[in-house]
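Below is one structure, written out as structure tokens; comments come after it.
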Amino acid sequence: MEVVGASIVTIAAELDTRRRGMDSADEEPELPREVDAEVATREMDSDEDPKLLRKVEDLLQRLEGKGETITRLRDLGLYRFGSFSPGDASLSAKIGWRSQLRLRLLEAIGNCNTLDHLDVGVICGGEAWSLTDSEWDVVMRGFRSSTILREIRFGGLSWSSDTEVESLCLQLGRILSTSSVTRLEIDDCPLTARCFLNLSSGLRGNSDSNLKYLGLKNAWGHLSAVKRVADMINSAPLLETLSLRHSRYDMDEEPVGIVSQALIHSSSLKKMTLDDGTWGAALLLKALAGDDRNHSIERLLLGMDTLGMERLGDCIRELLTSNPSLKEVRMSELRISNPLKKMRLSDLRMRPEKWHQLGEVIRDNAIKKVSLSFRASIDWKSIEALAQAASSDVKDPKMELQLVVSDDHDEWMLSLNLLGRVQRGEIKSLKSLSILASDPRTSGTNQDRLGRILSVNRKPGETSVLKRLRLSVNNKDVLKGVWKDLLRCLREDTSLTHLDLSRSVLQSELVFDEEAFRDLMGLLQVNLTLEEIDVSGTSWQTDGKAAKIQEALKQNRKQAVYMSVFREAKLTFGAAKAGRLFLCGSPRAGKTQLRRTLMSVIQGNSWLASKWNKLRTKGIEVEFLQNNEEMQISVWDLAGQWIFRTLQNVLFPQTNNFCVFLFVYSPFCTKTSSNKPDSCFRSELEEWLNFLHPAPRSQDIIFLKLLL
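See below:
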């Protein structure tokens, strides 16, 4: 179908020229022949018409593959074309070049071979009645054989009669039967039973159907339509994901039974989303629990419904224990997973004793992961019950907990108290903890309380198992009050790998001062366990300090390679208050020079002018790198000549303190002024090992570092 005569651009240009002539001559212009009949029946077009015509021409060029590639109709902004939009119902009754242009645009949309996403509401402006049946056929028939189209969204539509939308559903059913569509979403369109029947007609008995995702949100207008939803499930042989959400109609026993049977017999279904607890619990138990159940569904996502959430919560334990096929079960924002199970819950309202029972299921079964989010009024008894019951001394932590606390003072302090207990190893079920607060109120006695709450005094044998910590507080004064206590806890933490200080979505930029930056950099000098620190959305991201933090982490990762030797030896770092560095190895290998270098760094003294012979060690020399209440670190320089070995054996300390032995080898022989044979390295090392081995003081604490 083509526009009569000249192109749209030509028509637009002529209209514009003649309009300017009319303004100057103050008389009616002679209109182009192609549009004369059209304009004769209405007022003169506005000054905007030529611009709109050019936009329409550009749109047609893109749809026909002559411009920038189009993949989604939403990106076209059809609403910007005013009266030229396909959704303008007033044009459907028009004749002439405007009607022809409208049909050409609809046909171009249907024939566009780059569209992979079709939003029906975008075409008609949300009003299904704005296009006639013949016009819907023009736009839809091009998609029937599409090999590019992947997704159809059918949502937010209004119609004047059920017949209109049923006819449209028949068009969509034909597309589903022959095209490459894998995803269909029906959103806020309460359809009739006939609509679902027409949609499923394109799937029924069709082995070529590619539909893998069916999303229905407030999609049925009557209980009779629910039965036809089962037809959709049964008619899609490749369906992998089903989402049933926000129904305004309850299900009685009959439709629940029909849908559950469809679920049981769907062998391709892998994932299901459900957020209506009023009938969802009954559907879950019929379809997924017991021996006669669906065996293919691996992931179950349960959303929050205030009326029926407790009923959903009541069936969780039965699902986890009776359905080994499940890999994931979520309730909005809480997720529980094991090698075969995951669950996600958000603000699930259950009594503390039920949370305790759920925690026991998490602890005792093969569940691997739990993600839990509490918002608004936090039920601390429920959190305590779940966290304590899920804790285990022999199993890895499984829970991820997010607390979005209010501005209430007590909630803020309770969240920090939980953090303190996790840091001290009293709760061992959390591997991730997020505390998000806006502007919690504080009191004058808070600082003393924080010192006690975030105390690092652990019971013997207790260690933190927390891997990830997120702390986001919009009030910089409140954050400053907890900052030093938090970092003091982290100095001795050997578990935490990720620290998130980023701004949350609802917060303004978080401001950290210079002192806080120095504190954090000081932490990174002693904590090599931290791998990532996120400061996005903070002042450190904009003032360049984020780059310095990342550089410090990079250097720590290099040092962590060396420290991994200690971890492999299962050495405990937290209790060490004293340590010795023993320098041993070949004569004249540079041990004393290394010791003097270490001391010069600490003391700031220069010793390079000293004579070489005065630097040689006579037996054993000892100096302190650090000697205060916090730590005592001594450097023991052992002479390499074997004549001193008897003296060294007598003076060698009897200690259980942490010891590091640094073997320094010289490949150069001073007597012959030539390189030593390769065998000398092994023989010298073995001699030192034999010297150190008999001493009980050195068992399990020897670390050999080779410097050539």
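Each number in the working numbering corresponds to the 1-based position in the sequence shown with 21 added. For each residue, glycine too, the CB sits at the ideal point set by N, CA and C.
{"Item": "Buried or exposed (CB count within 10 angstroms, at least 16 for buried), G177", "Value": "exposed"}
{"Item": "Collapsed DSSP secondary structure at N134 in the structure displayed", "Value": "coil"}
{"Item": "I404 - DSSP class collapsed to helix/strand/coil", "Value": "helix"}
{"Item": "Reduced DSSP category for F217 - H, G, I as helix; E, B as strand; rest coil", "Value": "helix"}
{"Item": "Residues near H138 in its chain [Cβ-Cβ closer than 6 Å; skip 5 each side]", "Value": "R93, E172"}
{"Item": "Proximity of H377 and S346 at Cβ, strictly below 9 Å", "Value": "no"}
{"Item": "Contact set for D540: own chain, Cβ-Cβ below 7 Å, skip 5 residues either direction", "Value": "W504, K505, L508"}
{"Item": "Buried/exposed call for N344, threshold 16 Cβ in 10 Å", "Value": "buried"}
{"Item": "DSSP three-state assignment for M420, whether helix, strand or coil", "Value": "strand"}
{"Item": "CB of A214 within 9 Å of CB of S245, strictly", "Value": "yes"}
{"Item": "Sequence-distant residues of its chain with Cβ nearer than 8 Å to E483 (five each side left out)", "Value": "R445, G446, E447"}
{"Item": "When C210, R162, L500 are compared against S812, the one with the closest alpha-carbon", "Value": "Given that the chain is displayed from residue 22 to residue 729, the structure contains no residue 812 and the question cannot be resolved."}
{"Item": "Cβ-based burial, G131 [other Cβ within 10 Å; buried from 16]", "Value": "buried"}
{"Item": "Contacting residues, own chain, Cβ-Cβ under 7 Å from T691 (five flanking each side not counted)", "Value": "R609"}
{"Item": "Spatial neighbours of I207 in its chain, beta-carbon cut-off 6 Å, leaving aside the 5 residues before and after", "Value": "F175, L237, A240"}
{"Item": "V499 and L531 closer than 9 Å at C-beta", "Value": "no"}
{"Item": "Alpha-carbon spacing of S392 relative to M253, whole angstroms", "Value": "33 Å"}
{"Item": "C-beta atoms of L457 and K488 nearer than 9 Å", "Value": "no"}
{"Item": "Nearest-angstrom Cα separation, counted from A310 out to F395", "Value": "28 Å"}
{"Item": "Endpoints, alpha helix (DSSP H) assigned at A251", "Value": "244 to 256"}
{"Item": "DSSP-derived helix/strand/coil call for S201", "Value": "coil"}
{"Item": "Neighbourhood of E187 by C-beta distance below 7 Å, restricted to the same chain and skipping five residues each side", "Value": "T213, R215, C216, N219"}
{"Item": "Limits of the unbroken alpha helix (DSSP H) element including G543", "Value": "535 to 547"}
{"Item": "Selection from S485, D417, V415 that minimises the alpha carbon distance to L439", "Value": "S485"}
{"Item": "Inter-residue Cα distance where the pair is R578 and L549", "Value": "7 Å"}
{"Item": "Length of the line joining the Cα atoms of V277 and K416", "Value": "39 Å"}
{"Item": "Three-state secondary structure (DSSP) of A310", "Value": "coil"}
{"Item": "Terminal residues of the alpha helix (DSSP H) in which D158 lies", "Value": "154 to 162"}
{"Item": "G543, buried or exposed, once every other Cβ within 10 Å from all chains shown has been counted against 16", "Value": "exposed"}
{"Item": "Whether L263 touches L306 by CB criterion (9 Å)", "Value": "no"}
{"Item": "Expected contact under 8 Å - CB spacing of K233 and R204 to nearest Å", "Value": "7 Å"}
{"Item": "Same chain, Cβ closer than 6 Å to L492, neighbours up to 5 away in sequence not counted", "Value": "I456"}
{"Item": "CB contact flag (S5, P373, <9 Å)", "Value": "In the structure displayed, the chain extends from 22 to 729; residue 5 sits before or after that span and is not available."}
{"Item": "Inter-residue spacing [alpha-carbon to alpha-carbon] between E642 and K697", "Value": "27 Å"}
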